[in-house]
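Chemist:
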Amino acid sequence: MTTHPWPADERPRERLLAHGPDSLSDAELLAIFLRTGTAGMPVMELARHLIDTFGGLRGLMTASRRQFCDVKGLGTAKYAQVQAAMEMAQRVMDEPLRQGDPLRSPTDTRRFLCSRLGTYPHEVFAGLFLDNRHRVIQYSELFRGTIDGAAVYPREVVRQALEYNAAAVIFAHNHPSGVAEPSQADIALTGRLKEALGLVDIRVLDHMVIGHGEVISLAERGLM
């Protein structure tokens, strides 16, 4: 393992401590995380190589184990580090919900759902089941599909909502293409779910479509 003798004002760790993490590039943040390079490749060079190979931090952090470990200089130890970092970040995002705090705004909901659904390479349909004070009872990934779509069964959604004794629900699904624009099928599905849950007095508050860095609310669009 080698390190590279950067000038002091270019060392990512020193720059982070002096100017804050938001002053660093993606490659510099990754270099701090990796700590060391490989034989013949200093850590900063390795970080830039990985950013290029995976098309950015998102691609790197969501790569499969095989994809990750196939890259020279990486292996199961660094893959485990990445997965641990991702899980810690997600738990930080989830903590207010686990403590029973209510979802006070669409921003809270967007942040939570993006942390959960924003990195999947396949489509996932999920529900946030809420009590009558809009506190989260349960987050549940209800259906998974291919990159082209997921089959969603209203009867199963109603069953789970009753099991959780929910008063309301917010639905969400991701578009692996990264484009969050809802389709006509998304709008029609929302109508069917709203009708089915209405029969048992459970309100559908929203259906959010998650893209890459973008969330579209059907409720805000007036589509439900």
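Residue numbers for the sequence shown, in our numbering: 385 to 608. Glycine included, every Cβ here is placed at the ideal spot set by N, Cα and C. Quantities reported herein were computed from a predicted structural model and do not represent experimental measurements.
Leaving out five residues before and five after GLU604 in sequence, what residues of the same chain have Cβ atoms less than 6 angstroms from its Cβ?
Modeler: Contacts found: none.
Chemist: Whole-angstrom Cβ separation of SER407 and PRO490, contact assumed at under 8 angstroms?
Modeler: Going by Cβ atoms, the distance from SER407 to PRO490 rounds to 30 angstroms, so no, they are not a contact pair.
Chemist: Just checking my contact of ALA431 with ALA461 at CB under 8 angstroms: how many whole Å lie between their CB atoms?
Modeler: Incorrect: roughly 16 angstroms between the Cβ atoms, too far for contact.
Chemist: Go to HIS557, then tell me how far its beta strand (DSSP E) extends in each direction, as first and last residue.
Modeler: Segment 552 to 558, the beta strand (DSSP E) holding HIS557.
Chemist: With a threshold of 16 other CB atoms inside 10 Å of the CB of VAL476, please say whether the residue is buried or exposed.
Modeler: It is exposed - the Cβ of VAL476 has fewer than 16 other Cβ atoms within 10 Å.
Chemist: Report all residues from its chain with a CB closer than 6 angstroms to the CB of ASP515; omit the five preceding and five following residues, and keep chain order.
Modeler: ILE521 and ALA551.
Chemist: Once DSSP output is grouped into helix, strand and coil, what is the label at VAL536?
Modeler: Coil.
Chemist: Return the residue from the list HIS596, GLU565 and ARG543 that minimises the CA-CA distance to ASP585.
Modeler: When only C-alpha atoms are compared, the closest one is ARG543.
Chemist: Cα separation between ALA569 and PHE496?
Modeler: Spanning the two alpha carbons is a distance of roughly 24 angstroms.
Chemist: Give me the Cα-Cα distance between ARG419 and ALA534, rounded to the nearest whole angstrom.
Modeler: So the alpha carbons of these two residues sit roughly 40 angstroms apart.
Chemist: Between GLY511 and ASN558, how many whole angstroms is the CB-CB distance? I'm expecting something under 8 angstroms.
Modeler: With a Cβ gap of about 13 angstroms, GLY511 and ASN558 do not count as contacting.
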